[in-house]
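Report on the structure given below.
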Amino acid sequence: MSKQIKDLNPALIWKFFYDLTQIPRPSKKEGEAVEYVKKFGEDRNLETIVDKAGNVIIKKPATPGMENRKVLLLQGHLDIVPQKNSDKVHDFEKDPVETVIDGEWVRANGTTLGADNGIGVAAALAVLDSDDLVHGPLEALFTIDEESGMTGAFGLEKGVLNADIMLNMDSEDEGELYVGCAGGLDANISYSYQEVPVPAGYSAFIIKISGLKGGHSGLDIVLGRGNANKLLFRIIKHAVKELDAAISHVDGGGLRNAIPRESEAHLVIPGGREDDLISAVNRLERIFKNELFAVEPDLNISIEKRNAPTSMIDPETSRRLINGIIACPNGVMRMSNSMQGLVETSTNLASVNTGKGEATIKCLMRSSVDSSRDELAGMMESLFSLAGADINFSGAYPGWKPDMDSEILQVMRNVYNELYGKIPEIKAIHAGLECGLIGGAYPKLDMISFGPTIRYPHSPDEKVHIESVEKFWVFLVETLKNIPVKQ
Ligand SMILES: [Zn+2]
C-alpha cells in the first residue's frame, strides 16, 4: 500500500518522501534520519557536515554556467510530531509511517504523515540528487527538533553557511510566500507573600471564569478574545477595594502559548458583605459580556460559597499583585506597518498561580521586530518593579521582519506569475518559525518560506495535496534557474 506514493509525480520528490516515511523520526529522536541524510550526501561525494546541534548541512556546486549566482540555501526540518489515533497501534520510534492515497491527497493510516516537513526535506534531497536541474551554488540545511523547541535552529553556528538566500520549505499553503515571523520572549514574574490567618466571621467564595475560546497566543491574539486572568483580576480588584475582600488563592490559565480560557479565585470577605460580592460579580459579568459579545458568546462567570480557608495572602502583597496584573499589558501592542493585518508585537498574560507563599505570573511576548519585543520587556520590567515583584526573562528568540523589497521575493513573485498566471499571496505569521533563528545567526540572509498544501499538520488527519506538491516542485525548479547573479 505505502509504496504506491512512489508512483506519484514528480517521481524524485515522492521517492525521497517515501524513504523518509520509512524512517522513524519524532522530535529529539531524529538520529536515523540524520544518518540517512548524511549517508545521502557522502554517497554523492557532496560536502556533508553534521554540526554540534545535530543538524545536517550539505553543499553542492553550481551547474556549468551558473557559478556566478548567489548561494542558495534550501532548508527543512527532519523531525515530525508523533500523533496517532487512540485505537492505532504504532511506535513512532520504530515503525514506518503507512501512507494512503486518498483522492487528491496523501495521508497516513491513523498517524501523523510527516509531510510537515518531509516534503520540504524530500524536495531539498531531490535537488541535491538531480543531475539535470540548472542551479547556482547550493547549500542545504536539515534541522532537528523544530517541533519541540527548535534546538537545531537555536544551535546553528555562525560561519558554517555561505548562503545569500534561504528558501525554507516548511509552509503549508501552495501559492503563498511567507516573508516574516515573530520572535518570542518569556517573562517570569513572582511575588513572595505571607500566609496570614483569615479573620473570624469571614465568608469564602470561589469565583470562576470559563467558556472563553482561548487559542494560540500568537496566531489568535489578533482576534481580541477574552483573557480569563485579566477578567478575573478586574473582579478581584473591585472585591478587594470596595468590599474589603481578600485573596486566598488564584489559579488561572495554563500553557504560556495559550490564551487563558479559564481562571478561578478563592476570595474571603467579611460577614454581611456576601450579597454585595454576588451582585458585583453579576454586574461585572454583564459588563464583560457587553465588551466581548462578538467574540466570546459563551463567557460564563460563576460564584459559589465554600468553607472558609484558614489563610489568605497578606494584604500588602495582595494589593501589589492586583496592581501588577491590572496594569500588565496584554493582547496586540502594535500592528505591522509593512503588511496589512499582521500583528507586529503582542503579549499574552498566560498564567497566574498562588501557593506556598509565592504568586507566579507567566507571560509570552512576541514580535517580528526584536527591538519592539525588547521595548515591551522593558515596559514589563518597569511595571513589575513599581509593583514590587521580581521579574526575569528567558527563552528569547529572534523574529523575522517582513522586507517587502526583498530581492528573492521579487524573483519568486515573477517566476510564480509566469508559471501559473497569478501573483502568489505574500504573508507573514505572528508565531515562531525557524527562519527567525536562522536569520538571527545569518542576518544578511534574504529569506522566503513556502511549500505545498498541507492540512491538519500535527494530527493523525495530516494530509498533503498531491497536485500542490507538483506545483511546489516546478516552482522550486524554476526559482533555482532564476537566482540572481552575485554582484
Ligand atoms: Zn514543520
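Using my numbering, read the sequence shown as starting at 119 and increasing by one per residue.
In this text, a Cβ means the ideal position worked out from N, Cα and C, and glycines have one as well.
Original post:
What residue does the beta strand (DSSP E) around Gly370 start on, and which one ends it?
Top reply: Position 252 of the sequence shown, counting from 1, holds the residue named residue 370. Ala364 to Gly370 is the span of the beta strand (DSSP E), which, as asked, contains Gly370.
Original post:
By the 10 Å Cβ neighbour count, where 16 or more other Cβ atoms means buried, how is Thr428 classified, buried or exposed?
Top reply: For the purposes of this step, residue 428 is taken as the residue at position 310 of the sequence shown. Flag for Thr428 reads exposed.
**OP:** Look up Cys553 in the DSSP assignment and say whether it is helix, strand or coil.
**Re:** Taking the first residue of the sequence shown as position 1, residue 553 is located at position 435. Helix.
Subject >> Buried or exposed by the 16-neighbour rule on C-beta atoms within 10 Å, applied to Leu504 >> reply: For the purposes of this step, residue 504 is taken as the residue at position 386 of the sequence shown. By the 10 Å Cβ count, Leu504 comes out exposed.
Subject >> Cα-Cα separation, Gly602 to Gly442 >> reply: Residue 602 sits at position 484 when you count from the first residue of the sequence shown. Residue 442 sits at position 324 when you count from the first residue of the sequence shown. Reading off the sequence shown, one finds Pro at residue 602, where the question assumed Gly. Cα to Cα, Pro602 sits roughly 52 Å from Gly442.
Original post:
Is His583 near ligand 1, with its Cβ less than 7 Å from a heavy atom?
Top reply: The residue you call residue 583 lines up with position 465 of the sequence shown. Checking the Cβ of His583 against ligand 1 gives no.
**OP:** Whole angstroms is fine: what's the gap from Met287's alpha carbon to Ile584's?
**Re:** As a position in the sequence shown, residue 287 is number 169, starting the count at 1. As a position in the sequence shown, residue 584 is number 466, starting the count at 1. One C-alpha to the other measures close to 16 Å.
**OP:** With DSSP as the reference, label Ile479 as helix, strand or coil.
**Re:** Here residue 479 refers to the residue found at position 361 of the sequence shown. In this structure, Ile479 counts as strand in the three-state DSSP scheme.
Subject >> Residues passing the C-beta test against ligand 1 heavy atoms, cut-off 6 Å >> reply: His195, Asp234, Asn235, Glu264 and Asp288
Subject >> Start and end residues, beta strand (DSSP E) containing Asn471 >> reply: As a working mapping, residue 471 is identified with position 353 in the sequence shown. Counting along the chain, the beta strand (DSSP E) containing Asn471 begins and ends at Val461 to Gly473.
Original post:
Between which two residues does the beta strand (DSSP E) containing Trp132 stretch?
Top reply: Against the sequence shown, residue 132 aligns to sequence position 14. No beta strand (DSSP E) holds Trp132; the alpha helix (DSSP H) holding it covers Ala129 to Thr139.
**OP:** Rounded to whole angstroms, what's the CA-CA distance from Val340 to Val450? Just pull it up for me.
**Re:** Within the sequence shown, the letter at position 222 stands for residue 340. Within the sequence shown, the letter at position 332 stands for residue 450. Distance between the alpha carbons of Val340 and Val450: 6 Å.
Original post:
Which of the three DSSP states, helix, strand or coil, is assigned to Gln605?
Top reply: In the sequence shown, residue 605 corresponds to position 487, counting from 1. Of the three classes helix, strand and coil, the one that applies to Gln605 here is coil, per DSSP.
Original post:
For Pro433, which of helix, strand or coil comes out of DSSP?
Top reply: Mapped onto the sequence shown, residue 433 falls at position 315. Of the three classes helix, strand and coil, the one that applies to Pro433 here is helix, per DSSP.
**OP:** Could you tell me how far apart the beta carbons of Lys178 and Thr166 are, in whole angstroms, since I believe they sit closer than 8 Å?
**Re:** On the sequence shown, residue 178 is found 60 positions in, with the first residue counted as 1. On the sequence shown, residue 166 is found 48 positions in, with the first residue counted as 1. Wrong, their Cβ atoms sit about 10 Å apart, outside the cutoff.
Subject >> Rounded separation between Asp508 and Glu265 - CA only >> reply: Looking up residue 508 in the sequence shown gives position 390. Looking up residue 265 in the sequence shown gives position 147. Those two C-alpha atoms are separated by around 31 Å.
**OP:** Determine the direct distance from the alpha carbon of Ala514 to that of Val533, and round the result to whole angstroms.
**Re:** On the sequence shown, position 415 is the one that residue 533 refers to. On the sequence shown, position 396 is the one that residue 514 refers to. Between Val533 and Ala514, the C-alpha separation is close to 36 Å.
Original post:
Span of the alpha helix (DSSP H) holding His356?
Top reply: Reading the sequence shown from its first residue, position 238 is the one you call residue 356. Per DSSP, His356 belongs to the alpha helix (DSSP H) from Ala346 to Leu361.
**OP:** With a threshold of 16 other CB atoms inside 10 Å of the CB of Gln122, please say whether the residue is buried or exposed.
**Re:** To locate residue 122, count along the sequence shown from 1; it is residue 4. Looking at its Cβ environment, which holds fewer than 16 other Cβ atoms inside 10 Å, Gln122 is exposed.
**OP:** State the DSSP-derived secondary structure class of Gln193, mapped to helix, strand or coil.
**Re:** If you number the sequence shown from 1, residue 193 lands on position 75. DSSP places Gln193 in strand when its eight states are reduced to three.
Original post:
Quick one: Cα of Asn375 to Cα of Gly496, how far?
Top reply: Working through the sequence shown from its first residue, we reach residue 375 at position 257. Working through the sequence shown from its first residue, we reach residue 496 at position 378. Looking at the two C-alpha atoms, the distance is approximately 20 Å.
**OP:** Find out if the Cβ-Cβ distance for the pair Ser145, Val199 is shorter than 8 Å.
**Re:** Locating residue 145 in the sequence shown gives position 27, where the first residue counts as 1. Locating residue 199 in the sequence shown gives position 81, where the first residue counts as 1. Contact: yes.
Original post:
What residue does the alpha helix (DSSP H) around Ala244 start on, and which one ends it?
Top reply: Within the sequence shown, numbered from 1, the residue matching residue 244 stands at position 126. Segment Ala233 to Asp247, the alpha helix (DSSP H) holding Ala244.
Subject >> Neighbour-count burial assignment, Asn345, 16 or more Cβ in a 10 Å radius >> reply: Counted from its first residue, the sequence shown places residue 345 at position 227. Flag for Asn345 reads buried.
Original post:
Looking at Lys581 and Leu231, is the spacing between their C-beta atoms short of 8 Å?
Top reply: In the sequence shown, residue 231 corresponds to position 113, counting from 1. In the sequence shown, residue 581 corresponds to position 463, counting from 1. Yes, they are a contact pair.
**OP:** Name, in chain order, the residues that DSSP records as bridge partners for Lys178.
**Re:** Numbered from its first residue, the sequence shown carries residue 178 at position 60. The partner list for Lys178 (beta bridge, DSSP) reads Leu256.
Subject >> Sequence-distant residues of its chain with Cβ nearer than 7 Å to Lys604 (five each side left out) >> reply: Within the sequence shown, residue 604 is the residue found at index 486, counting from 1. Hits under 7 Å: Asn186, Arg187, Lys188 and Asp282.
Original post:
Where do the N-terminal and C-terminal ends of the beta strand (DSSP E) with Tyr320 fall, by residue?
Top reply: Sequence index remark: in the sequence shown, residue 320 carries index 202 (1-based). Tyr320 to Ser328 is the extent of the beta strand (DSSP E) around Tyr320.
**OP:** For my contact list, Leu256 and Leu246 are in at a C-beta cut-off of 8 Å; report their separation, rounded to the angstrom.
**Re:** Start at 1 with the first residue of the sequence shown, and residue 256 comes out as number 138. Start at 1 with the first residue of the sequence shown, and residue 246 comes out as number 128. Contact flag correct, Cβ pair sits at about 7 Å.
Original post:
What's the C-alpha gap between Phe593 and Leu563?
Top reply: Walking along the sequence shown from the start, residue 593 turns up at place 475. Walking along the sequence shown from the start, residue 563 turns up at place 445. One C-alpha to the other measures close to 20 Å.
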